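Below: the structure, in structure tokens.
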Amino acid sequence: MNLQEIIKTAKTLVADDKGLLAMDESNPTCNKRFAVLGIPQTPEARRTYREMILTTPGLGESISGVILYDETIRQQKKDGTSFIKVITEAGIIPGIKVDSGAKDLAGHPKEKITEGLDGLRDRLVEYVQMGARFAKWRAVIVVGNGIPSHGCIEANAQSLARYAALCQEAGLVPIVEPEVLMDGSHTIEQCFEVTEEVLRTVFNQLYTQRVTLEGMILKPNMVVPGLTCSKQESVDEVADVTVECLLRAVPAAVPGIAFLSGGQSGELASARLNAMNVRFKSRLPWALSFSFARAIQQPALEIWHGEETNVPAAQQILCNRAKCNRAAIRGKYNDTMEKTLNKPQNG
Ligand code: 13P
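If you want it as structure tokens, here you go:
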């Protein structure tokens, strides 16, 4: 492994106020989102959709890296150019999701454990040969009555750390994603408490497994109230508690924190990221960036709708959402920008 290269890639992923575009939905998840809109759930439809995203003009101005799924990293544009080539020529770093999904955790009703460690070393070698420079693994933590349990947090943290160590051994930057889900009626205080415990446990395990913190990116949830909680805090309150939680639990050696969106709307995710950077950027040890899937893709997917004629309008809205998020990293995102860039379009 070349640690200096890994550290350089990790820094580049959060340099220039750019962020990541997660487009690594598994086939079942992608199909589910297509089904809602009546788009055919076929490999060709998924390929066409991903070609639309990756050929978006100007994407590299706001996006430093894209996270692909196993099916996508092997695909090409209609003209035969590999997606990896399209990505690198756009000045974007290709990455790959390497976990095989969250499964029920034995002995822990309603809790999940992410699988995918078996055979991972060999799969990583193959992805490196294909051109991937970073990899992602998502752990899922459910908040509810009496959960998460310590057993669930420990098991997921250890898997994340073992995956991260294997990534660095293979020359890849690990994107370490412990996601505390927004589903539920829990308060923001509960989300804070769970997120803090999860992050502390994850960094403890990363240390135990000898992961170099300078060569990784953390991809956490923002600290938010559950979706059905009756009290929904303001954008500034979410920004304050999220940063407070991260300052307690994330070592300064980590170069960047790239949030997942977790089902927040594009506007809310941008507004909250913006508020964090407006209020704290100059005082933080790490870059605060984004690694959104739905909060960047959703409006474009709805406009595209599986139709070739909608491609330019869908690409425009995708590029605009990415721009809004880059502005949010700079603390320069606002309502006016949202309205002028993202006027609803027909399609
Ligand atoms: P969302 O931004 O849609 O939460 O997706 C991020 C992601 O990569 C989940 O693993």
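Heads up: take any position in the sequence shown, counting from 1, add 53, and you land on my numbering.
Ideal placement from N, C-alpha and C gives every residue a C-beta, glycine not left out.
Everything numeric in this text was worked out from a predicted model, so none of it was measured.
Through-space distance from residue j to residue i, alpha-carbon basis
{"i": "residue 249", "j": "residue 130", "result": "42 Å"}
{"i": "residue 244", "j": "residue 371", "result": "30 Å"}
{"i": "residue 108", "j": "residue 189", "result": "22 Å"}
{"i": "residue 253", "j": "residue 240", "result": "20 Å"}
{"i": "residue 356", "j": "residue 363", "result": "7 Å"}
{"i": "residue 134", "j": "residue 99", "result": "16 Å"}
{"i": "residue 203", "j": "residue 288", "result": "30 Å"}
{"i": "residue 311", "j": "residue 72", "result": "7 Å"}
{"i": "residue 325", "j": "residue 376", "result": "15 Å"}
{"i": "residue 256", "j": "residue 302", "result": "8 Å"}
{"i": "residue 350", "j": "residue 389", "result": "21 Å"}
{"i": "residue 224", "j": "residue 57", "result": "10 Å"}
{"i": "residue 345", "j": "residue 314", "result": "5 Å"}
{"i": "residue 234", "j": "residue 316", "result": "9 Å"}
Same chain only: Cβ atoms within 7 Å of residue i, ignoring 5 sequence neighbours per side
{"i": "residue 399", "result": "Legend: pLDDT at residue 399 = 49, less than 50; position of this residue unreliable, no value from coordinates given."}
{"i": "residue 238", "result": "279, 281 and 282"}
{"i": "residue 157", "result": "165"}
{"i": "residue 269", "result": "63, 217, 226, 227, 229 and 307"}
{"i": "residue 221", "result": "54, 59, 227, 264, 265 and 268"}
{"i": "residue 329", "result": "292, 295, 296 and 341"}
Contact test: residue i Cβ vs the ligand 13P heavy atom, cutoff 7 Å
{"i": "residue 316", "result": "yes"}
{"i": "residue 345", "result": "yes"}
{"i": "residue 155", "result": "no"}
{"i": "residue 222", "result": "no"}
{"i": "residue 75", "result": "yes"}
{"i": "residue 348", "result": "yes"}
{"i": "residue 191", "result": "yes"}
{"i": "residue 290", "result": "no"}
{"i": "residue 355", "result": "no"}
{"i": "residue 230", "result": "yes"}
Helix, strand or coil at residue i according to DSSP, with G and I counted as helix
{"i": "residue 157", "result": "strand"}
{"i": "residue 400", "result": "Low confidence applies here, because residue 400 scores a pLDDT of 42, under 50, leaving its location unreliable; read the following figure in that light. Coil, per DSSP."}
{"i": "residue 200", "result": "strand"}
{"i": "residue 90", "result": "coil"}
{"i": "residue 135", "result": "strand"}
{"i": "residue 249", "result": "helix"}
{"i": "residue 95", "result": "coil"}
{"i": "residue 392", "result": "helix"}
{"i": "residue 261", "result": "helix"}
{"i": "residue 109", "result": "coil"}
{"i": "residue 334", "result": "helix"}
{"i": "residue 61", "result": "helix"}
{"i": "residue 129", "result": "strand"}
{"i": "residue 163", "result": "coil"}
{"i": "residue 379", "result": "helix"}
{"i": "residue 385", "result": "coil"}
{"i": "residue 56", "result": "helix"}
{"i": "residue 282", "result": "coil"}
Beta bridge counterpart(s) of residue i as assigned by DSSP
{"i": "residue 345", "result": "74"}
{"i": "residue 227", "result": "188"}
{"i": "residue 146", "result": "118"}
{"i": "residue 312", "result": "343"}
{"i": "residue 271", "result": "229 and 310"}
{"i": "residue 193", "result": "232"}
Own chain, CB closer than 6 Å to residue i, minus 5 neighbours either side, in chain order
{"i": "residue 192", "result": "167, 209, 213 and 231"}
{"i": "residue 65", "result": "none"}
Check: residue i C-beta below 7 Å from any heavy atom of the ligand ATP
{"i": "residue 313", "result": "The ligand content of the structure shown is limited to the ligand 13P, which means the ligand ATP is not among them."}
Close-in-space but distant-in-sequence residues of the same chain around residue i (CB under 8 Å, 5 per side omitted)
{"i": "residue 163", "result": "195, 197 and 200"}
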